[in-house]
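Using the numbering used here, read the sequence shown as starting at 2 and increasing by one per residue.
Backbone N, C-alpha and C fix where the C-beta goes; we use that ideal spot for every residue, glycine too.
These numbers come from a predicted model, not from an experiment.
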Amino acid sequence: MARTYKDLTDHAVDRVTGGAEEDYARGHARRVRHMEAGGKLVRRIGKWSNPHGCAAPECGWCAENRRHAAAKAELAAEQRMEDWRDGEEA
């Protein structure tokens, strides 16, 4: 039986991934996003804070981390302003 290109490709993907084609496709999509984002990876602080280490703008984990960091910075700035006002009044 002659094997088609598709058969050979599927066989190669199975051999590389051990049959986990969805994980392979998901990993490929993540690598493409990294390249579109300039190939930059954020430094991992911990596996739980950013488990895949991605810096792509549309990434949900990274967007959540950026929102959290912005909220913390805003609270810190408000606290500094309150401290400054309290210092001026005293």
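As the crow flies, the alpha-carbon of residue 81 is around 23 Å from that of residue 66.
Taking the Cα positions, residue 84 is about 23 Å away from residue 69.
Residues of the same chain with a CB within less than 6 Å of the CB of residue 76, apart from the 5 flanking positions on each side, do not exist. Just so you know, the alpha carbons of residue 86 and residue 73 end up roughly 20 Å apart.
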